[in-house]
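Chains as they are written, first to last, in this note's numbering: chain S, 1 to 113; chain Y, 114 to 997.
The C-beta atom is built at its ideal place from N, Cα and C for all residues, glycine as well.
All values derive from a computational prediction rather than experimental measurement.
One structure is given here, and the rest of the page talks about it.
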């Protein structure tokens, strides 16, 4: 547990978008996919996923439909809309810029050595 | 239809919400099932796997709530939920709910009633086209009233009005051929209806073109109500002839139903042209520029593009011109145009109603303070519940929202109840006829505006007392509360409640003080010296002109009336006064008086303006007006004798220097007549009870006859029997003469009416304030006792005396009462300066009032703390300590 990182505020939405960008998923599936693509390095409370899903659906970034899961259970599947795909691209770019800047700022500088 | 649609839409949303909720539930369950499937595969039993999956999922209710919010627009659903929850909570504490709703209902009701009256009297515009642009002119030195020639000049010389109309009141006997009866109407200028831009309901109106000089327009227009009641909606009345004071008039038409003249509280029976008023009522009202009683008010629409300031300047310029042209009859003080219908009352009515509204607002504020502290106390008591809800994942916003919903629910309940009460009361008021012989009513009709005001007030006050406990909730720390219990709270909130309570008590003390001052003033004015004795005296009012007597016949008829009354057994004295007796409505006739040697008889040069009464021999004796020196009139003081007068002390002192000097001396009237003073009487009250000593003169009615008379019949007999005897005597004299018999005290009721109303209103408001204070102090004391039960128990167990226990339990509420009452008393005494304008002899410097307020507030405190005190004293330390 302790080696898992807390999510930064606002990043959950980005992770959800990324997770469903590879194909339609239901809620639990999204959770598994995030774990898989992040190497289980992130701590996500399971229930906290859902307010995020509803928020994204309301913003028109996701669209949902009921279907049957691989476990043969009824589940609600989410997939990216066009707007969602565009948003994912933008957010990814801006995240990369931010991450690079923070990393550069935090890396050992010449004067420090 | 719109409403139905809107309700259906809302219901549909609600249903959709419940489907959404079910869907959400299913989705979350599906997640947990999938997780459980995985866990099962890793080797757990199904039940263990499900349990573990649920735990891992986290606070399900909280997430559901968040999902709802994230899904957006759940306002209605939450509201519905909150409402149901509130109802359940309130049902659990019905005492609190009922007390809160009733408190608010009283306050809202009072405000709605006062607003309803204000709306009807002042705010609502006249029911005619472009009413907002109509202004009344004030003129000369008196508000409103002006003389007919001055009106004509103003009408023709001003450049601001799109037609200027005028009216006054006419009291006549109206005879349709069979049954003469008294009727009250307007004597209006010919252009009256045209200036108002209204159309008749039936027939036609009279117009400016109908006036071709004096007595040229014998027409009458009926009001709708009078047409309905007297003529039974007969559409054939148009063109018929009726007799006003025996003179034939032709009915032209009927005014529209919603039009009842241009004074808010008067409901006239008919409208007649002013040019025919002299014909009906005699006198030379229309010719005399100095006689300001001819026109009650003149008004008109401002011309397009004319500003109020321009119009004011214009009217004042005409006033100055008239003063320069007719210095003898007219003096002009700069005045402003004012609201049509109110000019004759100056600012008195508006000021009084505004004051009343202010007091009602204070009641509402007090009620809010009261409820605010109640809600704060409740929130403290419920802090454990609130802490639990916070701990279980409820958001603070949600809890606040629910508390606010509770406040609003109570506010709406109270508002609805208050509104119901006030509508019932306003309906009663609108049919109430405060003045027996005049068709005057309070023009109140509870309409949409009253409802809106009540609703807005209810919502505002709900917000006001609803936000009081907000900080309390925001600061709540669930961990601390659950661990230590509610009592561990800091005492900071108490101070806010205390401030609210002090404010509320102060407001209440203001109301109690002012109502006591008003009651005392009224009591004193009822037993004051009027310069006559209204008790044990009957007044008989008759208008000889109505019965067709000519000026020559009147003196003899008056003599016969006096003689007839004197033959009634038990009658001690009989006298007669022309016009009106002192202190009756309309007795405001004043005439200018000049020194004997004066030669410049201009209005502005008058030595004084004295109230002017025409009386018969025997009047002073019948009225019990005591003669200080000289003699009163006898039957020889008639037309052939030199003019004589009896004056009052004030008159004698101001004109002749002293009472002793006056008898035998002369003074001059404006027309130059020299009048000899034959006697001096005591001072009295003539127009209002709160006037300073005013000069008055009594002239012999035999020397200048007039048609409207009041007989004063003094007797200790039962008023009913006496009135019957007087009526039968009058029938023997002239069966066709309309008479109106009532006690003098009754006639005085009109003069006392404003102060009576003020006293009544203040009394009711004071009572409400007192009730609010009792509940406020009671709540505070009871709460303070119940929170300190344990401490009190320990104190008692340690041997505290009863006095000490009481001091500990009730010391603070009583201290607050003291602070609040002192502040309120001080403010109240300041406020009574305002009151003194309305209620005669209302003075704050009255030891009885001071004592009364102190006693009242102490009683309030005693009543309010009695039960909590009993409870504090009955604490059984053993039981208490065991319980905790």
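Strand pairing of residue i, partner residues [DSSP]
{"i": "residue 410 of chain Y", "result": "Y/280"}
{"i": "residue 889 of chain Y", "result": "Answer is none; residue 889 of chain Y lacks a bridge partner."}
{"i": "residue 104 of chain S", "result": "The partner list for residue 104 of chain S (beta bridge, DSSP) is empty, contrary to what the question assumes."}
{"i": "residue 724 of chain Y", "result": "Y/703 and Y/809"}
{"i": "residue 853 of chain Y", "result": "Y/654"}
{"i": "residue 299 of chain Y", "result": "Y/282 and Y/384"}
{"i": "residue 780 of chain Y", "result": "Y/708 and Y/788"}
{"i": "residue 274 of chain Y", "result": "Y/415"}
{"i": "residue 79 of chain S", "result": "S/63"}
Residue i classed as buried or exposed, judged by whether at least 16 other C-beta atoms fall within 10 angstroms
{"i": "residue 261 of chain Y", "result": "buried"}
{"i": "residue 587 of chain Y", "result": "exposed"}
{"i": "residue 68 of chain S", "result": "exposed"}
{"i": "residue 345 of chain Y", "result": "exposed"}
{"i": "residue 833 of chain Y", "result": "exposed"}
{"i": "residue 687 of chain Y", "result": "buried"}
{"i": "residue 304 of chain Y", "result": "buried"}
{"i": "residue 499 of chain Y", "result": "buried"}
Backbone secondary structure at residue i - three-state DSSP
{"i": "residue 604 of chain Y", "result": "Below a pLDDT of 50, predicted positions are generally treated as unreliable, and residue 604 of chain Y, at 49, falls in that range; no measurement from the model is reported."}
{"i": "residue 691 of chain Y", "result": "strand"}
{"i": "residue 389 of chain Y", "result": "helix"}
{"i": "residue 247 of chain Y", "result": "strand"}
{"i": "residue 1029 of chain Y", "result": "In the structure as shown, chain Y begins at 114 and stops at 997. Residue 1029 of chain Y is therefore absent and cannot be evaluated."}
{"i": "residue 970 of chain Y", "result": "helix"}
{"i": "residue 442 of chain Y", "result": "coil"}
{"i": "residue 711 of chain Y", "result": "coil"}
{"i": "residue 643 of chain Y", "result": "coil"}
{"i": "residue 147 of chain Y", "result": "helix"}
{"i": "residue 676 of chain Y", "result": "helix"}
CB of residue i within 8 angstroms of CB of residue j, strictly
{"i": "residue 342 of chain Y", "j": "residue 388 of chain Y", "result": "no"}
{"i": "residue 297 of chain Y", "j": "residue 306 of chain Y", "result": "no"}
{"i": "residue 714 of chain Y", "j": "residue 312 of chain Y", "result": "no"}
{"i": "residue 375 of chain Y", "j": "residue 454 of chain Y", "result": "yes"}
{"i": "residue 756 of chain Y", "j": "residue 788 of chain Y", "result": "yes"}
{"i": "residue 526 of chain Y", "j": "residue 221 of chain Y", "result": "no"}
{"i": "residue 812 of chain Y", "j": "residue 765 of chain Y", "result": "no"}
{"i": "residue 704 of chain Y", "j": "residue 782 of chain Y", "result": "yes"}
{"i": "residue 579 of chain Y", "j": "residue 520 of chain Y", "result": "yes"}
{"i": "residue 810 of chain Y", "j": "residue 723 of chain Y", "result": "yes"}
{"i": "residue 760 of chain Y", "j": "residue 727 of chain Y", "result": "no"}
{"i": "residue 492 of chain Y", "j": "residue 582 of chain Y", "result": "yes"}
{"i": "residue 217 of chain Y", "j": "residue 650 of chain Y", "result": "no"}
{"i": "residue 683 of chain Y", "j": "residue 830 of chain Y", "result": "yes"}
{"i": "residue 890 of chain Y", "j": "residue 973 of chain Y", "result": "yes"}
Pairwise C-alpha distance: residue j and residue i
{"i": "residue 103 of chain S", "j": "residue 181 of chain Y", "result": "38 angstroms"}
{"i": "residue 234 of chain Y", "j": "residue 380 of chain Y", "result": "13 angstroms"}
{"i": "residue 242 of chain Y", "j": "residue 265 of chain Y", "result": "24 angstroms"}
{"i": "residue 915 of chain Y", "j": "residue 986 of chain Y", "result": "7 angstroms"}
{"i": "residue 31 of chain S", "j": "residue 141 of chain Y", "result": "13 angstroms"}
{"i": "residue 606 of chain Y", "j": "residue 485 of chain Y", "result": "Here the model assigns residue 606 of chain Y a pLDDT of 49, short of 50, so the residue's position is not dependable, and the following value carries that caveat. Their Cα atoms are separated by approximately 12 angstroms."}
{"i": "residue 763 of chain Y", "j": "residue 806 of chain Y", "result": "7 angstroms"}
{"i": "residue 786 of chain Y", "j": "residue 712 of chain Y", "result": "12 angstroms"}
{"i": "residue 522 of chain Y", "j": "residue 418 of chain Y", "result": "50 angstroms"}
{"i": "residue 918 of chain Y", "j": "residue 910 of chain Y", "result": "11 angstroms"}
{"i": "residue 554 of chain Y", "j": "residue 382 of chain Y", "result": "13 angstroms"}
{"i": "residue 636 of chain Y", "j": "residue 737 of chain Y", "result": "21 angstroms"}
{"i": "residue 109 of chain S", "j": "residue 139 of chain Y", "result": "54 angstroms"}
{"i": "residue 913 of chain Y", "j": "residue 533 of chain Y", "result": "51 angstroms"}
{"i": "residue 290 of chain Y", "j": "residue 718 of chain Y", "result": "50 angstroms"}
{"i": "residue 77 of chain Y", "j": "residue 511 of chain Y", "result": "For residue 77 of chain Y there is no data in the structure shown, the boundaries of chain Y being 114 and 997."}
{"i": "residue 980 of chain Y", "j": "residue 837 of chain Y", "result": "57 angstroms"}
{"i": "residue 780 of chain Y", "j": "residue 708 of chain Y", "result": "5 angstroms"}
{"i": "residue 694 of chain Y", "j": "residue 869 of chain Y", "result": "21 angstroms"}
Any non-hydrogen atom of the ligand ATP within 7 angstroms of residue i CB
{"i": "residue 567 of chain Y", "result": "Questions concerning the ligand ATP fall outside what the structure shown contains, since it holds no ligand whatsoever."}
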